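Chains as they are written, first to last, in this note's numbering: chain L, 12 to 566; chain W, 825 to 1191. Every residue gets a Cβ at the ideal spot worked out from N, C-alpha and C, and that includes glycine. Source: prediction; values computed, not measured.
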């Protein structure tokens, strides 16, 4: 890309990001909705929020949860990625798709799965109670929430790290093994440090996900009233009786204030990104590291993690979809039923919802990866103020909790004349999703780009190819694996996303996520679990097929 | 009564549906008992050809109602968007401000938010021909209409609460929780008025209905009551036995669950007084298809419309259908409907609202 195109791309992105964010910041200084005639400038919203005890409670809970879950998810995810991509661990081809399961189940539903299994009347709890006479854990404490949040975000770190590890040559690892390092030492001092940028990105993003965590605290924090920032927004609305946008906006500004130093830190840590180049002019073959005896503890760790994060909640969920009742004093064999699935077939707009979801996730996801790649190429090998600006901008949309992001993007569509005709189409929903998940997709692609040695592109230029041709024929093919896993991540993310699009959804554009939430609200848990079970089966089949046919092409 | 009745309605609807279609073919006759001039509204609505409804009631629960309307007026393309009541409010006021088209009919169980919108001048008046069948409290200025009469109930786990313990009145509940505070430790559940709008509405109604409400709150506080934001979460945990008694539950959702799982869930309509809530509908001034909206509102209030709602346990607002409601056996004087009107605005006043929440917190902590 030439300089003018690069600047144009970055400016376009800046407008897309700053429109909703700017609106929210502006709203935070008003005394009423910005679109109503009699509003005035004031700091009263800041005074209210900064004076509210609940805000500090929610903020400190969010910080603790975000730190805690990052501290759990990053090491586990990174080790898992190493084991899956770099070693001869038995059965890894089968384990890999299962690892991703917690990502594509809506977090409200996943949390509910934990309630059915591990809650005070859950089936695992009752079973343990039968043995011990008491239940040795309590599902609704802050610490359980952190552990569950941490373990269910392992797949995010896994995806980021494994895509980078896949394109790493084996030369360095072999050298380490030959000089006598054990597999763990190879992982910790050679392989994982080589993909530091990806792990670091993953850490920052998981930290951010921790900040806008909603589904898990909504269900698991409900009984004890554990507030986090996203659920605080609800409480705020209710405390005043009507939604108060300026107060919500202040909370977003607070999150932005936390986000910006984080980006600065990340930039500082990665100031010498060229150290992490691994795809060089000289090709190197990939051979898995043999881990010998270590395979057994490794398998034990993985199976343990899978049992807790996948098997327990999902079995709770699936079980619930096949019974009419559960809990203390219920014999499950007497309450088995297929009624919920039968009822599901009568559900209005179900097929349309499923089709829309698949469309937005597959086609929309692919288009989004295209956008993210274009943005990355615009900043590729270019040190300037523009790229610095971009680093700060990409994270901003995620600083808005889904609820507020949805509202802000809806406003942008509603009050911008040339955008408003698109408001009730899938296009608007796609734009919203692409924007909110900008940081995630961007980082996946850029992680792959950082690994490519500059000499390859320079060679292309030397033999006379234009900048465009180098991107097309050289850079893009080299990051193919990275792009495919980006698409996979985005597919899964879009599959369960809904809150961002909630105001843009209308009859004809409903998605599974929104159907689930409206059912959950009216207590139709039967349908929620049946629909989720169908959803899991659908994506499970897709992932299985992918691992059966797709593996070999990764080389 | 409920199960038999649902079956009856379902059968009636099956028999009636060919008749309905036949009626529709006959060039849209005016419903029986309506002024002949109503034909003009039907004609105008057919010209509009579309109708957009924003509703807080999920589409699955009203599918029969919607089918009935579509069979009656096949030329009107119905768009039904269900969303939560806060989202609905946000979306509506934004769209109204942008002047770019919004709902033709707003229909929500968040009674206070609906009345606020009507009070703020967002509604247009329409005198429904069905108005004479409604109780006076269900109609405000011919702008806001209560469309259902749904009891707020106690729910309990049948397997785990002894029949003798099941409370019949609010006083019974207070006594039970005081006498057996240890047995019910962590077993009582209700809406959190600090985090749930409807929960707030019901408990403020309680406080107006009876001074001893604060004793009940105190008793609940002593058992370490678990407070939630959604009925789904509460009903599910009542079924499982994680909690055993639920206070101020929305009757229609609990009865619906009881139908599916009669062995687990029991329902009590408190006999000292039972709060009745109503889903409020209004036609916005900004409606692009006001005539279609009028037809829907009338259909919703008509006998067939109300019967379709009763089949899903949303009690009928019509005085002539009161006998098929879940509350049919209760003396009229014991029912305490939440009036559709400006009284609902009282607690949207910030100072009053925060004061009430403070009192609630105090009682809960036993002070």
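Taking only beta-carbon atoms, is residue 1179 of chain W less than 8 Å away from chain L?
Here the question's residue 1179 of chain W lines up with position 355 in the second chain. Nearest CB-CB separation between residue 1179 of chain W and chain L: not below the 8 Å threshold.
| query | Does residue 990 of chain W come within less than 8 Å of chain L when only Cβ atoms are used? | reply | Numbered from its first residue, the second chain carries residue 990 of chain W at position 166. With 8 Å as the cut-off, residue 990 of chain W does not count as an interface residue toward chain L.
Item to check | C-beta neighbour in chain L for residue 907 of chain W, strict 8 Å | outcome: By 1-based counting over the second chain, the position of residue 907 of chain W is 83. True, the Cβ-Cβ gap to chain L drops below 8 Å.
* Taking residue 929 of chain W and residue 1120 of chain W to be in contact with their CB atoms under 8 Å, please state how far apart those CB atoms are, rounded to whole angstroms. => Counting from one through the second chain, the residue named residue 929 of chain W turns up at place 105. Counting from one through the second chain, the residue named residue 1120 of chain W turns up at place 296. Correct: roughly 6 Å between the Cβ atoms.
Query raised in the report: In the DSSP assignment, what residue or residues form a beta bridge with residue 1012 of chain W?
Result: Translated into the one-based positions of the second chain, residue 1012 of chain W becomes position 188. Residue pairing of residue 1012 of chain W in beta bridges, as defined by DSSP: W:1069.
| field | Classification of residue 26 of chain L by the beta-carbon crowding that lies within 10 angstroms, buried from 16 upward | value | The residue labelled residue 26 of chain L in the question sits at position 15 within the first chain. Classification for residue 26 of chain L: exposed.
Can you give me the start and stop residues for the beta strand (DSSP E) that residue 981 of chain W sits inside?
Counting from 1 along the second chain, the entry for residue 981 of chain W is found at position 157. In this chain, the beta strand (DSSP E) harbouring residue 981 of chain W covers 974-981.
| said: Between the segment 382-390 of chain L and the segment 450-457 of chain L, can you find at least three pairs of beta-carbon atoms closer than 8 Å? | reply: Yes, since at least three Cβ pairs between the segment 450-457 of chain L and the segment 382-390 of chain L fall closer than 8 Å, the two stretches touch.
**Asked** Since residue 985 of chain W is in the beta strand (DSSP E), which residue starts that stretch and which ends it?
**Response** To locate residue 985 of chain W, count along the second chain from 1; it is residue 161. Premise fails: residue 985 of chain W is in no beta strand (DSSP E) and is neither H nor E.
Worksheet item: With DSSP run on the structure shown, which of helix, strand or coil describes residue 948 of chain W?
Response: Taking the second chain and counting its residues from 1, one reaches residue 948 of chain W at position 124. Here DSSP, grouped into helix, strand and coil, assigns residue 948 of chain W to strand.
Item to complete: For the segment 924-956 of chain W, enumerate the residues whose C-beta is nearer than 8 Å to any C-beta of chain L, in chain order.
Response: Those would be 924, 936, 937 and 940, in chain order.
(Q) With H, G and I counted as helix, E and B as strand and the rest as coil, what does DSSP make of residue 930 of chain W? (A) Position 106 of the second chain, counted from the start, is the residue given in the question as residue 930 of chain W. Three-state result, residue 930 of chain W: strand.
According to a CB-to-CB cut-off of less than 7 Å, which residues of the segment 251-282 of chain L neighbour chain W?
For chain W, the residues of the segment 251-282 of chain L that bring a beta carbon within less than 7 Å of one of its beta carbons are 251, 252, 253 and 254, in chain order.
Margin query: If we define contact as Cβ-Cβ less than 8 Å, is residue 1024 of chain W a contact residue for chain L?
Written below: Residue 1024 of chain W sits at position 200 when you count from the first residue of the second chain. Interface residue, yes.
So, with DSSP's three-state summary, where would you put residue 1091 of chain W? As a position in the second chain, residue 1091 of chain W is number 267, starting the count at 1. If DSSP states are grouped into helix, strand and coil, residue 1091 of chain W belongs with the strands.
| From what residue to what residue does the alpha helix (DSSP H) around residue 111 of chain L run? | The residue you call residue 111 of chain L lines up with position 100 of the first chain. Careful: residue 111 of chain L lies outside any alpha helix (DSSP H) and carries neither H nor E.
**Study point:** Segment limits, alpha helix (DSSP H) that includes residue 499 of chain L
**Key:** Mapped onto the first chain, residue 499 of chain L falls at position 488. Residues 491-507.
* To do: Out of L:51, L:272, L:76 and L:450, state which residue places its alpha-carbon closest to the alpha-carbon of residue 221 of chain L.
  => Taking the first residue of the first chain as 1, we reach residue 221 of chain L at position 210. Nearest of L:51, L:272, L:76 and L:450 to residue 221 of chain L, Cα basis: L:76.
Does the beta carbon of residue 47 of chain L come closer than 8 Å to any beta carbon on chain W? For this step, residue 47 of chain L is matched to residue 36 along the first chain. At least one beta carbon of chain W lies nearer than 8 Å to the beta carbon of residue 47 of chain L.
Note to self: Based on DSSP bridge pairs, tell me the residues matched to residue 876 of chain W.
What the structure shows: The count along the second chain starts at 1 and reaches residue 876 of chain W at position 52. BP columns for residue 876 of chain W point to W:903.
Among L:229, L:48 and L:165, which one has its Cα closest to the Cα of residue 80 of chain L? By one-based count along the first chain, residue 80 of chain L stands at place 69. The shortest C-alpha separation from residue 80 of chain L is found at L:165.
Count the other C-beta atoms from every protein chain shown that fall within 10 angstroms of the C-beta of residue 1062 of chain W, then say buried if there are 16 or more, exposed otherwise. Within the second chain, the letter at position 238 stands for residue 1062 of chain W. Flag for residue 1062 of chain W reads buried.
Using DSSP with H/G/I as helix, E/B as strand and the rest coil, what is residue 1253 of chain W? With chain W running from 825 to 1191 in the structure shown, residue 1253 of chain W is simply not present.
Does any residue of chain W have a CB that is nearer than 8 Å to the CB of residue 68 of chain L? Here residue 68 of chain L corresponds to residue number 57 of the first chain, with the count starting at 1. Answer no: the Cβ-Cβ gap between residue 68 of chain L and chain W never drops below 8 Å.
Notebook entry, point to check: Can you find a CB in chain L that lies within less than 8 Å of the CB of residue 1112 of chain W?
Noted result: Position 288 of the second chain holds residue 1112 of chain W. Judged by the 8 Å Cβ criterion, residue 1112 of chain W is not in contact with chain L.
Run the CB neighbour count on residue 441 of chain L, radius 10 Å, all protein chains shown included, and call it buried at 16 or more, exposed below. What you label residue 441 of chain L is simply residue 430 of the first chain in a count that begins at 1. Its Cβ being crowded by 16 or more others within 10 Å, residue 441 of chain L is buried.
Compare the C-alpha of residue 311 of chain L against each of L:18, L:97, L:213 and L:91 and name the closest. Along the first chain, one-based indexing puts residue 311 of chain L at 300. For the residues L:18, L:97, L:213 and L:91, the minimum Cα distance to residue 311 of chain L belongs to L:91.
Any C-beta of chain W sitting closer than 8 Å to the C-beta of residue 369 of chain L? Walking along the first chain from the start, residue 369 of chain L turns up at place 358. No, residue 369 of chain L lies away from the interface with chain W (no Cβ there is under 8 Å from its Cβ).
In the DSSP assignment, find the unbroken beta strand (DSSP E) run with residue 1101 of chain W in it and report its ends. Taking the first residue of the second chain as position 1, residue 1101 of chain W is located at position 277. First-last of the beta strand (DSSP E) with residue 1101 of chain W: 1098-1101.
Report task. To the nearest angstrom, report how far apart residue 848 of chain W and residue 855 of chain W are at their CA atoms. Result -> Numbered from 1 along the second chain, position 24 holds the residue referred to as residue 848 of chain W. Numbered from 1 along the second chain, position 31 holds the residue referred to as residue 855 of chain W. For residue 848 of chain W, the predicted structure reports a pLDDT of 46, less than 50, and the residue's modelled location is therefore unreliable. A value from the coordinates is still provided. Cα-Cα distance, rounded: 11 Å.
Across the segment 42-58 of chain L and the segment 187-204 of chain L, are there enough close Cβ pairs to call them in contact, namely three or more that are closer than 8 Å?
Counting Cβ pairs under 8 Å, fewer than three are found: no touch.
- Task: Specify, as a first and last residue, the run of the beta strand (DSSP E) that residue 1105 of chain W falls within.
- Result: The residue labelled residue 1105 of chain W in the question sits at position 281 within the second chain. First-last of the beta strand (DSSP E) with residue 1105 of chain W: 1104-1108.
>> Am I right that residue 417 of chain L and residue 512 of chain L are in contact with their C-beta atoms under 8 Å? What's the rounded C-beta distance?
In response: Position 406 of the first chain, counted from the start, is the residue given in the question as residue 417 of chain L. Position 501 of the first chain, counted from the start, is the residue given in the question as residue 512 of chain L. The C-beta distance from residue 417 of chain L to residue 512 of chain L rounds to 6 Å, short enough to meet the 8 Å contact threshold.
Identify the contact partners of residue 910 of chain W in chain L, using a Cβ-Cβ distance below 7 Å as the criterion. On the second chain, position 86 is the one that residue 910 of chain W refers to. Per Cβ cutoff of 7 Å: 248 and 254.
Item to complete: Determine the chain B residues that contact residue 529 of chain L at a beta-carbon separation under 8 Å, and present them in chain order.
Response: Protein chains in the displayed structure are L and W, and chain B is not among them.
- Task: Kindly identify the DSSP beta-bridge partner or partners of residue 968 of chain W.
- Result: Locating residue 968 of chain W in the second chain gives position 144, where the first residue counts as 1. Beta-bridge analysis with DSSP links residue 968 of chain W to W:964.
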